[in-house]
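**Student:** In this note's numbering, the protein residues as written are 21 to 555.
Dropping the structure here:
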């Protein structure tokens, strides 16, 4: 047999392979909703295109005179589809397909596109052909692509082997069939690359991958690889901790697992065929909630000695024609979870109460830290913080601010004559008066000993002096019963104002103190502001 005869015969075989690939694509298209079918179609489309272009190259079919290897180059658009398609297909088959996303598919497309661009621009750089005509060796791009393709095929093979090792014996035959197809196609390809060469002699790789494609298609459609693998009912239903109840379209009980029987205190043989309402204590609730709904979830407390609570999930099942096919009820004992939830809720409530107590205590401690315990007024520490802040606000808003310094008259005589308890009563009385007569925004503080300071934001000096004088008059009229006698005490005050007497707290306090001493020197029981006396 001559080489020409072999070439023609092999070309006819290639065309037959194209027909088979086209048939597989058509058959797989009918099952395109089955996971993995799209990846299998991509493999077969690539296989068919590869084989068709190779046949056209063998027959020297019409091609541009400037491109003697036109169909060989066109062939690689099909070649590059097979490894990636195989990896995606095996990932679906083995259930390791979580990595398959639009982004990862896009990444898998990068190498095929780059490689084909190298093939079509090879005349400019020789990365694909290399020194093939002189040495018989192709360029680096060809071998890198071959390595990349083998790595994808190897990854798919590893997934298959690991999956095969985990399968029950009855299902190993299916996976072994797929592995056999992969090994056969790989051997054909290795022989073509290492022995015959892809351009000068016959490339038998298409036949190898076609055999694998036929095997994969047969395995997928004949053995239904991607259907849910059957497992023993005992492992899935009988062994479940959750209760399972199955009803037919007439709401009659057709199945019930041991967990449901134990939970509901019924027996399967006595319940089979009975109406759900006669056996299931919760059926009235479920029927009411499930009206017109495909799925229903309710909580139900069983009327038994344990008062167990169950989480009930009812699903309307449907057949292939989307017609009602009965109902599935799942029962989960959530008593323990509910008890934990209730305990957590009670603990959380107690914790919130504790937090409220702590916050109240913190607020009380904070208030105590800035309050004078005897008079209830703010203390000197608070005054120092507040006066600086109020002055800064007055500077920004260009509003007046006044400050009055008050001192009880003859306070030492009261302490010496009637004792410190009497003195404390007068201090408390003045504190009560200041709390009573100061306005919102004013700050009344005990400065120390018998001295008090009142900050009056927004009050001009004269208005502030008039208000402080009113306080003086009110305090002078108050009497305190001490040792059977009705005693009264007066106070003197000095008033300073921003911006007349200063722009910081030290200047204002000093000016108010100077005015206070002027009031004392003038005879006490009076208010002085800017050398003006108020009585």
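From the three backbone atoms N, C-alpha and C, an ideal C-beta is built for every residue, glycine too. Since the model is a prediction, treat every value here as computed from it, not as a measurement.
(1) Can you tell which of 384, 443, 435, 486 has its C-alpha closest to the C-alpha of residue 423?
(2) For residue 141, which of helix, strand or coil comes out of DSSP?
(3) Buried or exposed for residue 512, going by 16 or more other Cβ atoms inside 10 Å?
(4) For the candidate residues 398, 399, 161, whose alpha-carbon lies nearest to that of residue 141?
(5) Note down, in chain order, each residue of its chain lying with its Cβ closer than 8 Å to the Cβ of residue 266, except the 5 sequence neighbours on either side.
(6) Quick one: Cα of residue 515 to Cα of residue 370, how far?
(7) Does the contact criterion of 3 or more C-beta pairs under 8 Å hold for the segment 439-446 versus the segment 499-511?
(8) How long is the line joining the alpha carbons of residue 539 and residue 547, rounded to whole angstroms?
(9) Let's test the definition: count the other Cβ atoms within 10 Å of the Cβ of residue 302 and tell me whether it reaches 16, buried, or not, exposed.
(10) Smallest Cα separation from residue 34: which of 57, 411, 42, 74?
(11) Whole angstroms are fine: how far does the CA of residue 313 sit from the CA of residue 322?
(12) Are the beta-carbon atoms belonging to residue 290 and residue 297 less than 9 Å from one another?
(13) To the nearest whole angstrom, what separates the beta carbons of residue 263 and residue 288, a pair I think is in contact under 8 Å?
(14) So residue 471 packs on residue 426, CB below 8 Å; how close in whole Å?
(15) Which residue's Cα is closest to the Cα of residue 468: 519, 462, 394?
(16) Check each candidate in 465, 476, 166, 49 and name the one with the smallest Cα separation from residue 459.
(17) List the endpoints of the continuous beta strand (DSSP E) containing residue 314.
(18) Who are the near neighbours of residue 128 in its chain, counting only those whose CB is closer than 6 Å to its CB and skipping five residues on each side?
(19) So the alpha helix (DSSP H) residue 66 belongs to, where does it begin and stop?
(20) Report the rounded CA-to-CA distance for residue 536 versus residue 409, giving the unit in angstroms.
(21) Rank 98, 123, 107, 165 by C-alpha distance to the C-alpha of residue 131 and give the top, closest one.
(22) Give the single residue among 494, 278, 292 whose Cα lies nearest to the Cα of residue 271.
(23) Between residue 71 and residue 97, what straight-line distance do the alpha-carbon atoms span, to the nearest angstrom?
(24) Would you identify the three-state DSSP class for residue 349, choosing helix, strand or coil?
(25) Can you tell me where the beta strand (DSSP E) holding residue 548 begins and where it ends?
(26) So residue 260 is in the alpha helix (DSSP H); what residue range does that whole segment cover?
(27) Would you report the Cα separation of residue 280 and residue 180, rounded to the nearest angstrom?
(28) Nearest-angstrom Cα distance between residue 521 and residue 528?
(29) Hey, residue 330 and residue 352 are a contact pair by Cβ (cut 8 Å); roughly how many whole angstroms apart?
(30) How many Å lie between residue 404 and residue 440 at the Cα?
(31) In three-state terms, what does DSSP make of residue 126?
(32) Who are the Cβ neighbours of residue 432 in its own chain at under 8 Å, not counting the five residues just before and after it?
(33) Can you tell me which of the three DSSP states residue 583 falls into?
(34) Can the beta-carbon of residue 107 be found closer than 9 Å to that of residue 167?
(35) For residue 135, tell me which candidate among 101, 311, 542, 397 has the shortest Cα-Cα distance.
(36) Can you tell me which of 549, 495, 418, 381 puts its alpha carbon nearest to the alpha carbon of residue 453?
**Tutor:** On the basis of the supplied data:
(1) When 384, 443, 435, 486 are compared, the shortest CA-CA separation from residue 423 is found for 486.
(2) Correct three-state label for residue 141: coil.
(3) Flag for residue 512 reads buried.
(4) For the residues 398, 399, 161, the minimum Cα distance to residue 141 belongs to 161.
(5) Scanning its chain for C-beta atoms nearer than 8 Å, with the 5 sequence neighbours on each side dropped, one finds around residue 266 the residues 273, 274, 275, 276, 346, 347, 348, 349, in chain order.
(6) Cα-Cα distance, rounded: 52 Å.
(7) The segment 439-446 is in contact with the segment 499-511.
(8) Rounded to the nearest whole angstrom, the CA to CA distance from residue 539 to residue 547 is 6 Å.
(9) Classification for residue 302: buried.
(10) Among 57, 411, 42, 74, the Cα nearest to that of residue 34 is on 74.
(11) C-alpha separation (whole angstroms): 24 Å.
(12) A distance of 9 Å or more separates the beta carbons of residue 290 and residue 297.
(13) Contact flag wrong, Cβ pair sits at about 12 Å.
(14) Right, the Cβ-Cβ distance comes to about 7 Å (below 8 Å), so this counts as a contact.
(15) The option with the nearest alpha carbon to residue 468 is 394.
(16) Across the set 465, 476, 166, 49, the C-alpha of 476 shows the shortest separation from the C-alpha of residue 459.
(17) Careful: residue 314 lies outside any beta strand (DSSP E) and carries neither H nor E.
(18) For residue 128, where only same-chain residues beyond five positions count, the Cβ hits under 6 Å are 104.
(19) Residue 66 -> alpha helix (DSSP H) spans 57-78.
(20) Those two C-alpha atoms are separated by around 24 Å.
(21) Looking at the Cα atoms, 165 is the closest of the given residues.
(22) The shortest C-alpha to C-alpha distance from residue 271 to any of 494, 278, 292 is the one to 292.
(23) Residue 71 and residue 97 have their C-alpha atoms some 11 Å from each other.
(24) In the structure shown, residue 349 sits in a strand (DSSP, three-state: E or B).
(25) First-last of the beta strand (DSSP E) with residue 548: 547-549.
(26) Boundaries cannot be given for residue 260, as no alpha helix (DSSP H) includes it and DSSP labels it neither H nor E.
(27) In this structure, the CA atom of residue 280 is about 39 Å from the CA atom of residue 180.
(28) Approximately 6 Å between the Cα atoms of the pair.
(29) In this structure residue 330 touches residue 352 by the C-beta definition: roughly 6 Å separates them, less than 8 Å.
(30) The straight-line gap separating the alpha-carbon atoms of residue 404 and residue 440 is approximately 27 Å.
(31) It is helical.
(32) So no residue of the chain qualifies.
(33) Lying outside 21 to 555, the shown extent of the chain, residue 583 is not represented and no answer is given.
(34) For residue 107 and residue 167, no; Cβs fall outside 9 Å.
(35) Nearest option by C-alpha distance: 101.
(36) Distance check between residue 453 and each of 549, 495, 418, 381 places 495 closest, using alpha-carbon atoms only.
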